[in-house]
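Engineer: To convert a position in the sequence shown, counted from 1, into the numbering used here, add 36.
One structure, pasted below without further comment.
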Amino acid sequence: MSVFTTLSLDEVRQWLAPFNVGELHTLRGIAAGITNTNYFVETSQARFVLTVFEKNDFDELPYFVRLMTHLSHHGILCPTPIVDAAGIALQRIHGKPALMVSCLKGTDVSQPNLTQIEAVAQTLARMHVASADFHEQSHNQRGQGWRVMTAQQVMPKLAPVQQHLLQEELDFQHGLDLSGLPHGVIHGDLFRDNVLFDGDALGGFIDFYYACHDVLAYDVAIAVNEWCVDAATGMFVDDKLATFMNAYQSVRPFTAVEKSAWPALLRRAALRFWLSRLYDFYYPVAGELTHAKDPAHFERVLLNRKVLT
Ligand SMILES: Nc1ncnc2c1ncn2[C@@H]1O[C@H](COP(=O)(O)OP(=O)(O)O)[C@@H](O)[C@H]1O
Ligand SMILES: N[C@@H](CCOP(=O)(O)O)C(=O)O
Numbered sequence: 037m038s039v040f041t042t043l044s045l046d047e048v049r050q051w052l053a054p055f056n057v058g059e060l061h062t063l064r065g066i067a068a069g070i071t072n073t074n075y076f077v078e079t080s081q082a083r084f085v086l087t088v089f090e091k092n093d094f095d096e097l098p099y100f101v102r103l104m105t106h107l108s109h110h111g112i113l114c115p116t117p118i119v120d121a122a123g124i125a126l127q128r129i130h131g132k133p134a135l136m137v138s139c140l141k142g143t144d145v146s147q148p149n150l151t152q153i154e155a156v157a158q159t160l161a162r163m164h165v166a167s168a169d170f171h172e173q174s175h176n177q178r179g180q181g182w183r184v185m186t187a188q189q190v191m192p193k194l195a196p197v198q199q200h201l202l203q204e205e206l207d208f209q210h211g212l213d214l215s216g217l218p219h220g221v222i223h224g225d226l227f228r229d230n231v232l233f234d235g236d237a238l239g240g241f242i243d244f245y246y247a248c249h250d251v252l253a254y255d256v257a258i259a260v261n262e263w264c265v266d267a268a269t270g271m272f273v274d275d276k277l278a279t280f281m282n283a284y285q286s287v288r289p290f291t292a293v294e295k296s297a298w299p300a301l302l303r304r305a306a307l308r309f310w311l312s313r314l315y316d317f318y319y320p321v322a323g324e325l326t327h328a329k330d331p332a333h334f335e336r337v338l339l340n341r342k343v344l345t
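Structure follows, in structure tokens:
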């Protein structure tokens, strides 16, 4: 259960006063999610999601608010930040940053079918295209500096064969020059729990809090490593991968440079989540669930992607 900040109907009613969203009817804590407190807020006008940020500083959030606003104005299915009468979306509640967004339709899907994979891929490509005129740049919190620091922390915990794999991959990634690849806004964590579906119709992408300015094809690599993989082996499932790549490239075809960097990007994406899962595994935060995020899965994915290079 991830409601860290308990809110009462009365305080949310008061908090909603500067918004033009009608009368508050119901308030329901959302159990899913692990980082922030989320509530479904139902008013006489519509349904919203209210997020209380448990870890982010206020100052790092306006980028995400402006990004989601930009993307929703460009027709990308994602939460739309709701502004108060003064035009301000980001507020405080219990002294923590708080944001209300539109409620998307649907739920996350653990076994996506090809139609759903196609919709994710096309929307991701449209999001990348729509980001071309979003001119703010935010650095990747899970980029090179984080990789090196996290690797140092987990390295002593690993078996020698894993240490060798990790060091070799860090060296390989450090030596890459990706500056010639198209850059833009990446989602950065487009996992199955961050995409909602209403049947086969895409409800939208959520959880933009790893979004940043980075290599667009890297975002695709993150997504295919999640959506098109056999859970037992870490190998690609061919028809899922083909469906994803065809759908993505029907909107934004890869350049020649992206094609040649692709195997390395798949490795970088596998490394990123192997590392974060290793860190969570060896340095668990009391009370947080880590069992669902198996580092060994991304170790297998990385080993598989190395074979492709
Ligand atoms: N805009 C939204 N519309 C509908 N449901 C949402 C929305 N945002 C979040 N949710 C629901 O809340 C859950 C937790 O959100 P998430 O962003 O993953 O939280 P956390 O940041 O804590 O990981 C999601 O699985 C989804 O069910
Ligand atoms: N979707 C990821 C978790 C998000 O990354 P983290 O760096 O916050 O752990 C996963 O399933 O590993």
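Yeah, the Cβ is synthetic: ideal placement off N, Cα and C, and Gly gets one too.
For ligand 1, any of its heavy atoms closer than 7 Å to the Cβ of residue 119?
Structural biologist: Every heavy atom of ligand 1 is 7 Å or more from the Cβ of residue 119, so no.
Engineer: CB-CB under 7 Å to residue 216, same chain, minus the five flanking residues each way: which ones, in chain order?
Structural biologist: The residues are 293.
Engineer: When you compare each of 38, 290, 298 and 56 to residue 123 by their alpha carbons, which one comes out closest?
Structural biologist: Of the candidates 38, 290, 298 and 56, the one whose C-alpha sits nearest the C-alpha of residue 123 is 56.
Engineer: Can you tell which of 262, 220, 239 and 119 has the C-alpha that lies nearest to the C-alpha of residue 111?
Structural biologist: Ranking 262, 220, 239 and 119 by Cα distance to residue 111 puts 239 first.
Engineer: My parser needs the alpha helix (DSSP H) runs of 4 or more residues fully inside the region 54 to 92; what are they?
Structural biologist: Counting whole runs of 4 or more residues, the region 54 to 92 contains no alpha helix (DSSP H) stretch at all.
Engineer: If you follow the alpha helix (DSSP H) that residue 280 is in, where does it begin and where does it stop?
Structural biologist: Here the alpha helix (DSSP H) through residue 280 covers 274 to 287.
Engineer: Less than 8 Å between the CB atoms is what I'm expecting for residue 107 and residue 164, so what's the real figure, rounded?
Structural biologist: Not confirmed; about 11 Å, so no contact.
Engineer: Going by C-alpha to C-alpha distance, which of 125, 72, 151 and 245 sits closest to residue 237?
Structural biologist: With distances taken between Cα atoms, residue 237 lies closest to 151.
Engineer: Out of 319, 315 and 306, which one is the CA nearest neighbour of residue 337?
Structural biologist: Comparing Cα-Cα distances from residue 337 to each of 319, 315 and 306, the minimum goes to 306.
Engineer: Output the boundary residues of the alpha helix (DSSP H) element that contains residue 44.
Structural biologist: Here residue 44 belongs to no alpha helix (DSSP H), and DSSP marks it neither H nor E.
Engineer: What residue does the alpha helix (DSSP H) around residue 155 start on, and which one ends it?
Structural biologist: First-last of the alpha helix (DSSP H) with residue 155: 150 to 166.
Engineer: Could you tell me whether the region 258 to 272 touches the region 197 to 212, where touching means 3 or more Cβ pairs closer than 8 Å?
Structural biologist: No, the region 258 to 272 is not in contact with the region 197 to 212.
Engineer: Relative to the alpha-carbon of residue 247, which residue among 120, 226 and 308 has its alpha-carbon at the smallest distance?
Structural biologist: Ranking the options by Cα distance to residue 247, first place goes to 226.
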